[in-house]
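**Q**
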Amino acid sequence: MRILHIHTSDYMQGGGGAIAMYRLHLGLKRAGFDSKILCATKTLETSDSIAIPRLSKLESLLGKVTSRLGLSDIHCIGSFKIKDNKAYSDADVLNLHSFRARFSYLALPSLTKNKPTVFTLHDMWPFTGHCAVSYDCDRWKIGCARCPY
448 MRILHIHTSD YMQGGGGAIA MYRLHLGLKR AGFDSKILCA TKTLETSDSI AIPRLSKLES
508 LLGKVTSRLG LSDIHCIGSF KIKDNKAYSD ADVLNLHSFR ARFSYLALPS LTKNKPTVFT
568 LHDMWPFTGH CAVSYDCDRW KIGCARCPY
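Going letter by letter, the sequence shown gives residues 448 to 596 in this note's numbering.
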């Protein structure tokens with residue numbers, strides 16, 4: 448079975464979620480699975496880690512506008528090109544981890560339509576749409592643009 452992990456970082460520049468994802472990746476490899484990582488920030492010198500292209504100038508400009516509106520990461524239109532990546536094409540299963548910072552959640556229906564997908568929750572972002580940890584703030588429920596933290 449071929450598993451593709453999608454995460455912001457492959458390991459060294461990430462936090463606890465990146466470490467957990469990388470440990471899972473190594474465990475799957477030890478168990479005989481073909482495991483790869485598709486990430487925005489590549490730090491590991493291994494063919495198992497594949498970096499997505501950097502944001503275009505248009506995406507960066509759109510990001511400035513959409514972040515002010517509380518629409519985090521929808522400007523990352525390159526996310527729709529993940530399907531063109533060989534690691535994606537070869538994968539039997541997707542494991543989404545930290546799907547933000549250069550990944551648009553609007554690409555999720557397209558990416559998961561024909562691939563069984565596991566979404567591993569390392570923080571609150573997948574259901575808040577913006578906050579990794581909201582603490583005592585509930586503004587994410589109505590759309591936040593100015594985080595108090």
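Cβ coordinates follow ideal geometry from the N, Cα and C atoms, glycine included.
Where does Ile484 fall in DSSP's three states?
**A** The residue you call residue 484 lines up with position 37 of the sequence shown. Strand, per DSSP.
**Q** Going straight from the alpha carbon of Ser519 to that of Ala538, what length do you get?
**A** For the purposes of this step, residue 519 is identified with residue 72 of the sequence shown, where counting begins at 1. For the purposes of this step, residue 538 is identified with residue 91 of the sequence shown, where counting begins at 1. Cα to Cα, the separation comes out at about 27 angstroms.
**Q** Curious, which full-length alpha helix (DSSP H) runs of at least 4 residues does the segment 506-591 contain?
**A** Here the runs fully enclosed are 533-537, 555-559, 572-575.
**Q** Helix, strand or coil for Arg470, going by three-state DSSP, please let me know.
**A** Along the sequence shown, one-based indexing puts residue 470 at 23. Helix, per DSSP.
**Q** For Arg593, name the three-state secondary structure that DSSP assigns.
**A** One-based indexing of the sequence shown puts residue 593 at position 146. Three-state result, Arg593: coil.
**Q** Return the Cβ separation of His544 and His569 in integer angstroms, given the expectation that the two are a contact with Cβ distance under 8 angstroms.
**A** One-based indexing of the sequence shown puts residue 544 at position 97. One-based indexing of the sequence shown puts residue 569 at position 122. Right, the Cβ-Cβ distance comes to about 6 angstroms (below 8 angstroms), so this counts as a contact.
**Q** By Cβ distance, which residues of its chain are closer than 7 angstroms to Ser496, with the 5 residues on each side in sequence left out?
**A** On the sequence shown, position 49 is the one that residue 496 refers to. Counting only Cβ-Cβ distances below 7 angstroms, and skipping sequence neighbours, we find Asp457, Ile484, Cys486, Lys489.
**Q** Just to check my reading of the structure: Leu555 and Lys530 have Cβ atoms closer than 8 angstroms, yes? What is that Cβ distance to the nearest angstrom?
**A** What you label residue 555 is simply residue 108 of the sequence shown in a count that begins at 1. What you label residue 530 is simply residue 83 of the sequence shown in a count that begins at 1. Leu555 to Lys530, Cβ: 12 angstroms. No contact.
**Q** Start and end of the beta strand (DSSP E) containing Leu451?
**A** Here residue 451 corresponds to residue number 4 of the sequence shown, with the count starting at 1. Note, Leu451: beta strand (DSSP E), 449-456.
**Q** Residue range of the beta strand (DSSP E) that Ala498 falls in?
**A** If you number the sequence shown from 1, residue 498 lands on position 51. It spans 496-498 - the beta strand (DSSP E) in which Ala498 sits, taken as one unbroken run.
**Q** Out of Cys594, Asp585, Ser494, Arg549, which one is the CA nearest neighbour of His454?
**A** The residue given as residue 454 occupies position 7 in the sequence shown. Ranking Cys594, Asp585, Ser494, Arg549 by Cα distance to His454 puts Arg549 first.
**Q** Please classify Arg477: does DSSP put it in a helix, a strand, or coil?
**A** Position 30 of the sequence shown, counted from the start, is the residue given in the question as residue 477. The answer is helix: DSSP assigns Arg477 an H, G or I state.
**Q** If you reduce the DSSP assignment to three classes, tell me which class Gly461 lands in.
**A** Here residue 461 is taken as the residue at index 14 of the sequence shown, counted from 1. DSSP places Gly461 in coil when its eight states are reduced to three.
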